[in-house]
Every structure is written in structure tokens, then in C-alpha cells.
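I have placed the structure first, in the form of C-alpha cells, so that the comments after it can refer back to it.
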Amino acid sequence: MTETKIYVGLNDSVSLTQKHETEKYISILKNVCISYNVCFSFSLAQGGYIFEDGRYTQEETLVISLIDTEPGTVSEIAKDLCAFFNQESVLITEGAIRAYYVNEKI
Numbered sequence: 003m004t005e006t007k008i009y010v011g012l013n014d015s016v017s018l019t020q021k022h023e024t025e026k027y028i029s030i031l032k033n034v035c036i037s038y039n040v041c042f043s044f045s046l047a048q049g050g051y052i053f054e055d056g057r058y059t060q061e062e063t064l065v066i067s068l069i070d071t072e073p074g075t076v077s078e079i080a081k082d083l084c085a086f087f088n089q090e091s092v093l094i095t096e097g098a099i100r101a102y103y104v105n106e107k108i
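As numbered in this note's numbering, residues 3 to 108 make up the sequence shown, in order.
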């Protein structure tokens, strides 16, 4: 199985500030993932980014985790979030994992 993570900064790429409350970005993220019919989880992280022109920003970052999602779907989700959050780019990482579900009923 493959775990893919998409890292999306919350600072606007032009103003270098976060234009909306974090909850608004989370709502958009959830709607995007639901529209692609994918299971996901996310966390909030602190990070820094260096733009292609050398500018630097520290920002909150949403980290979206997807398990065994088709690469084309991952790419489309990343592109949507990049555009909706007005980012210069978003980072995608992927790695092999061992994953399984456990079910138990009383």
C-alpha cells in the first residue's frame, strides 16, 4: 500500500498572510476530499516555505494523508487545493506502508 501526503500552506502566495480562519481552510479541504470520494485524515503543522523568487514565509500547513489513492486523483486534489488556497505550489510525498483495518464487535 502507498501513503500519500499533501502539504498545503495557508498563507496567501501574494500577501504572505493567512487571509481566512484555519477552520475555513479545513472546511474547503474536507469538501474537496469528499467531492473526490476519498478517505482522508489531516493534521495541522507549522512550517516555512521559500518561494521561487527567494521570499520566505512561516505558516500553518494542512497535511492531508491518503492511503492507496490513485496518483491521478492525488494530483487533482493537490491542484485544486493549490488553486483554492492561492499557493505557489503544494508538496506531495508518498511512501510504501503496511496498513490494515481491525474490526471488533461485542
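Just so it is clear, CB atoms sit at the ideal spot from N, CA and C, and this is done for glycine as well.
Q) Can the beta-carbon of I69 be found less than 7 Å from the beta-carbon of A47? A) As a working note, residue 69 is residue 67 in the sequence shown. As a working note, residue 47 is residue 45 in the sequence shown. No, the pair does not count as a contact, with Cβ atoms beyond the cut-off.
Q: For E54, name the three-state secondary structure that DSSP assigns.
A: For the purposes of this step, residue 54 is taken as residue 52 along the sequence shown, with counting starting at 1. If DSSP states are grouped into helix, strand and coil, E54 belongs with coil.
Q | Separation of S43 from E90, as counted between CA atoms | A | As a first step, residue 90 must be located in the sequence shown, where it is residue number 88. As a first step, residue 43 must be located in the sequence shown, where it is residue number 41. One C-alpha to the other measures close to 23 Å.
**Q.** Paired residues, beta bridge with Q60 - DSSP
**A.** Start at 1 with the first residue of the sequence shown, and residue 60 comes out as number 58. Paired residues: G50.
Q. Quick one, which of K21, V16, C84 and Y103 has its alpha-carbon nearest D55's?
A. On the sequence shown, residue 55 is found 53 positions in, with the first residue counted as 1. Ranking K21, V16, C84 and Y103 by Cα distance to D55 puts V16 first.
Q) How long is the line joining the alpha carbons of E5 and F53, rounded to whole angstroms? A) The residue labelled residue 5 in the question sits at position 3 within the sequence shown. The residue labelled residue 53 in the question sits at position 51 within the sequence shown. When rounded, the distance between both Cα atoms is 26 Å.
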